[in-house]
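Working notes, beginning with the structure itself.
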Amino acid sequence: MEFEIPQNDEEKEVGYGGSMSFDIGEDAFDISASELKKKCSSVLNQVAATPFLLYDVPSNYGWLFLSARNGMLSESVSKIAKTLSTSDYSNLTSETTRKYRSVIKMVAYLLQTVDVTSLVVRGVYDLLKVPIDAIFSSTDFFFLECLRKVAQNGMKQTDNKTVNTIFLKLTALNHVDAIVTNVLQNLSEDSDISSIDIILKDNDTVVQKLLRQIAVVDLTNGKLQKNIATVLPKLPNLVPESVNKLPSLLHALLDQQEHVLRNGVIECYGVILLTSPNDKLFDCLFDRFYDVNSFVRIKVLQTWGSLVEHRAVPLDRFNNIVEKVVERLNDKSTPVRKNAISLLESMLEFNPYSVILRRDMFESKLQETAEMLKNTTDKMSEDSDDDNDVEDKELNVPTEKIIQLFEGTGFQHIADTELLETKKQEVLKNFVEWVKNSIEFIDSFDNAISIVENILESTTVLDLKEAIKFFGTICQHKIAKGATAMKKTLELLFSKEVDVQNVIVDSVVKSLCDESPQSKINNLLLMANGSNIGEDLCMKKLTGLLINKKVIAANEVDYLLAYMAGKLPGGADLEAITAMTLLSYIASNKPKMITEKIPLITSICFVKNCTANYVYHGALILKALYESEEDIPKLAMNDPIVKELVDVLDAKYPTNTWVPVMHTVLDLLYKAVENPNEAAREIVRHKLRDVQERNGLNEIVRLIGTVGGVARKQGEMYDAMKEGVVEEVEKKKGKKGKKINDVCESKMNEVVGEVLEDGLLGEFVKITDAYVTDIIAQRYSEDIYLTMRVVVINTMCSFMMVSQSYCEKQLQTLFTVLENIKDDVIRSNIVYYIGDYSCRYPNLLEGWVGYLYGRLKDESALVRRSAVVVLSELIFHDIIKVKGNLYLMGLALVDEEERVRDLAHTFFHEYSSKTNAIYNVLPDLISSLGKEDIERKQFEYIIKFIFSFIAKDKQHEQLMAKLLQRFTLNEQTPKQWGCTAYCLSLLNYNEKSLKKLIESAKMFGNKLHVKEVKEAFMNMCNRLRKFVKPEMKPLVEEFEKIVVREGGNEKEDEEELERERNETDQSKMEEDSE
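FYI, numbering that gives the first Met the number 0 numbers position 189 of the sequence shown as 188, with every residue one higher than the one before it.
Shown next as structure tokens:
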């Protein structure tokens, strides 16, 4: 039997290796397994002691080879390698060299044939201890490859250090190409590439060769790209000695089209910069903020985030990064914006300037430092005539004072105290520069806040959550605009997304409430100060959620009461009023927290000479309490609180202040008193007595205002009774239900009679009507009578609420006032009253609805806003019809007042939820808008927004047919043709509808000479070219030709179309690459 020991050409020439004959007998192949195993064990013991026996006695190798072929050779073969590693190689002859070479190659082959264990890998390790260079005259690929394969396969069975040492020795023996080839193969095929880290660790030669190969190989394999990108960031830690060489080797990969590879390079650069600052790498990361691929921009932001968190960003680059990141807030990609916000949060948390970033604090320090430098320099100048001497002299300022100036800033941690002793002027100048950088940093975040506020309008939950967290972080660092921005997020508490609500509450808790009870209350007071009506609702909702999370508890209530009583230092009237507002929110959400405090509240708010604000807000607290807690016993007429409330309205407040106080007190009385009518009667008697005693206009106004307020409350009682009747009738159907209904109606009419027609307030109708007549005649038109006009009109409207006959009689008067009175607050109030009348007396108001729609064109934004609110509610509840008037709501979409626009947008979103609602009114809306005197851009915005609610293909086809018919109407003007063409350009077209449009060219062909018509159709062609299916392209081209031919200037239009086609193709290529 012969066995070929692998040899290279050089070995053949020198005459070693090659074929060796060994005779193990013909019966060896028939030997039993046990006997073969025994024989093999015996040979191994001999050879392990004397490795040359493999060469000198060829049959020994024959038995081991046969055993290996039968799968019986054990890991004990590694003992031979152990012996070889400890042999003496000092006196090698050519004969012993040949023997060692052959024996080593035999052992390497045998190690490759057995199951790999840690002992086998150890055998490879031992073989590589042999002085290979002395034994092998040149690189032996077969031998080294055997060892590499064993080491590669045994990675999981052996410690990493041993395997890594094997590969380092193989690299030293110039087996680099095979290692790199194998690594690339693994990167292309394996999902688990952890073994590659072991091969590359500290192996600078292999890493450099690998990177050069990556730069030239085909990288279209997706798995290869992903695995390379995974390995690249590990290289700085795997080969720390080569960190400075990596950038030049990796830079070529930044030009690769595959974004995954660019990401890997960027992440690698980030790891390098953690330990080795490099201006060129910083510049490269700056440039990649503008990479065309959003995934790369995300990776850049994440890399900068890591550098910021490890404080590896140089101070002179910190503000520049903020500016770049703020730009990314406007990125078109949602994940990019998310990561930009996250990076800004990290830059706030790890900023080098201060934990508290109040601009006024830094400006104060800047001014103080500048004055310190100026005063000291001036004094030194007086003592010396030479300016150079002044610069050389040190400032005569105590070191402790300068250190005190640094407190509260990050400069105290970087200031050189030793230099401060000798170079105070230099340190202070550095501090001035540092403070300027701090202010610049704060200003950048002010810009960021403005941009992120716009993100709050996004419909993407991810955007909303990140924006809210950002504002929470801003508040933590006390940036001035943060509290205002956080306040804006509270609108989202009414979002249907529970996650958004939770993020808001968590952010508020983290930024404002994660402190002592007093600090917590101070922060909430700051947030609640200056709130409008909408913000008050948001604060009320937030208060309830904070109570649920136990953020507001008994201690916080006590601090609010202390502010209310003025017992806390620094607590002014504004804080007291805001504290009472918060207490009213707590009373609404958790009344039991306030119930025991009623005596304290009344003793503060309803005493003699108490200010109107205290009375007003105290009444609000108790009203909220009685509305929310049914178990609180009602107050009797003889209760001291009732007497205090009645008497407090005798206070000599200004009339414009007294009126809202009176209404709030009445609200409380009708909630808290057993017999509210009696309390109201008492207040009316007091006001009547004042008129009889003084008979001044103020007294008359207060009397009229009081009776109007009582009428309003009686109307609310009527509504409550009516709701009860409806519920009762629904429970008991038939004759019994009808009987109940008749009895209740009779009772309600008695209430109305008591109120107006022959009761308590009936005698005041004539005096109110007389003053209304005077107001219409402009007898009280001066500004000083504004409150009087408001009170009189409101009282008339309140009377109309409780008497249908009086309402019918006064409707003409009411709409006369609405059309002619100059006070926008009165017109606004009337709009709301008309909404109430439409619900209460729908038949009476049916002919007056047009006047209500007319208020959408009112010169006052307040009135227009009220009109949108009222009309929205009436339309949603199907109380009034929209046909013929909805275009006025469309005009509100482009109103100059932002709030009106927002309400109009909300209306159309809600109205579109009704089946076919928008589609049914759209033709009439388009026709009416076309006649309005509005800018073309405004018309296009309105129509484009409303068309966004038309989703069905069938509706688009039907609209096309209706719009085309408009071109045939004689009364249509060129302006209206342009409007119609623009509407047609917004429709979605399929093959059928586009053919229909082409067939109908005779309807609009003779209108294409009108610039607006032609432009609309040309724009439609551009849009269709971008998004149309390939099979529809011939139809699009045919339609283009019609537009060009019928529109004139055919040559110029053809050139324009060709240019636009090229631009479209280019944009498609860019989108595909993206």
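Each residue gets a CB set at the ideal place from its N, CA and C atoms; glycine is no exception. Bear in mind the structure is a predicted one, so any value in this text is a computation, not a measurement.
Taking only the alpha-carbon atoms, compute the straight-line gap between residue i and residue j and give it to the nearest angstrom.
i, j, result
"ASN152", "THR112", "12 angstroms"
"LEU996", "GLY889", "27 angstroms"
"GLN301", "ASN292", "15 angstroms"
"GLU348", "HIS309", "12 angstroms"
"ILE213", "GLU188", "15 angstroms"
"CYS1020", "TYR988", "11 angstroms"
"ILE445", "THR654", "First, the residue type needs correcting, since residue 445 is Asp and not Ile in the sequence shown. Computed Cα separation, rounded: 42 angstroms."
"PHE288", "ARG296", "6 angstroms"
"ILE820", "GLN777", "9 angstroms"
"ASN387", "ILE402", "Note that ASN387 has pLDDT 49, beneath the 50 cutoff, so the model's placement of it is unreliable and the number below is only indicative. For ASN387 and ILE402, the distance between alpha carbons rounds to 27 angstroms."
"VAL893", "ARG864", "13 angstroms"
"CYS145", "ALA251", "34 angstroms"
"MET795", "ALA611", "26 angstroms"
"SER999", "THR905", "37 angstroms"
"ASN554", "ILE520", "10 angstroms"
"ASN220", "ILE197", "24 angstroms"
"LYS1001", "CYS982", "18 angstroms"
"PRO246", "LEU280", "8 angstroms"
"ASN350", "HIS476", "10 angstroms"
"THR488", "ARG327", "21 angstroms"
"LYS486", "LYS435", "29 angstroms"
"THR656", "VAL504", "35 angstroms"
"SER615", "GLU456", "Residue 615 is actually Tyr in this sequence, not Ser. Whole-angstrom Cα-Cα distance: 35 angstroms."
"VAL205", "SER193", "16 angstroms"
What three-state label does DSSP hand residue i in the structure shown?
i, result
"LEU648", "coil"
"GLU406", "coil"
"THR459", "coil"
"ALA552", "coil"
"GLY707", "helix"
"ASP385", "For ASP385, the pLDDT reaches just 49, beneath the cut-off of 50, and the residue's location in the model is therefore unreliable, although a value from the coordinates is still provided. Here ASP385 sits in coil by DSSP."
"PHE135", "coil"
"GLY1117", "Outside the displayed range of the chain (0 to 1073) lies residue 1117, so it cannot be described from this structure."
"ASN338", "helix"
"CYS512", "coil"
"VAL312", "coil"
"MET716", "helix"
"ASP201", "coil"
"ILE467", "helix"
"GLY761", "helix"
"VAL881", "coil"
"THR49", "coil"
"VAL129", "coil"
To which residues does DSSP link residue i through a beta bridge?
i, result
"VAL672", "LEU634"
For the ligand PLP, any of its heavy atoms closer than 6 angstroms to the Cβ of residue i?
i, result
"ASN608", "Among the components of this structure there are no ligands whatsoever, and the ligand PLP is therefore not found."
Assuming residue i is part of the alpha helix (DSSP H), what are its boundary residues?
i, result
"TRP433", "423-454"
"LEU253", "First-last for LEU253: undefined, no H or E at that position."
"GLU1011", "1010-1026"
"ASP286", "278-286"
"LEU126", "117-126"
"LEU599", "597-604"
"MET71", "That residue, MET71, is in no alpha helix (DSSP H); it is neither H nor E in DSSP."
"MET154", "First-last for MET154: undefined, no H or E at that position."
"ASN185", "175-188"
Quick one: does residue i have its CB under 7 angstroms from some CB of chain C?
i, result
"THR219", "In the structure shown, chain C does not exist; there is a single protein chain."
| Given 8 angstroms as the limit, is there contact between the region 354-364 and the region 395-411, that is, 3 or more CB pairs closer than that? | The region 354-364, when compared against the region 395-411, does touch it at the 8 angstroms Cβ threshold.
| Are there three or more Cβ pairs, one per stretch, closer than 8 angstroms when the region 34-48 is compared with the region 62-73? | Output reads yes: the region 62-73 touches the region 34-48.
| Do three or more CB pairs link the region 1026-1039 to the region 1004-1013 at distances below 8 angstroms? | These segments do not touch.
| said: Taking contact to mean 3 or more Cβ pairs, one atom from each stretch, closer than 8 angstroms, check whether the region 945-953 and the region 965-977 are in contact. | reply: No: the two stretches stay apart, fewer than three of their Cβ pairs being nearer than 8 angstroms.
| field | the region 583-598 contacting the region 622-632, beta-carbon criterion three pairs below 8 angstroms | value | They touch, by the three-pair rule.
| Should the region 356-370 be regarded as contacting the region 328-340, the criterion being three or more beta carbon pairs within less than 8 angstroms? | Look at the beta carbons and you see the region 356-370 not touching the region 328-340: under three pairs across the two are nearer than 8 angstroms.
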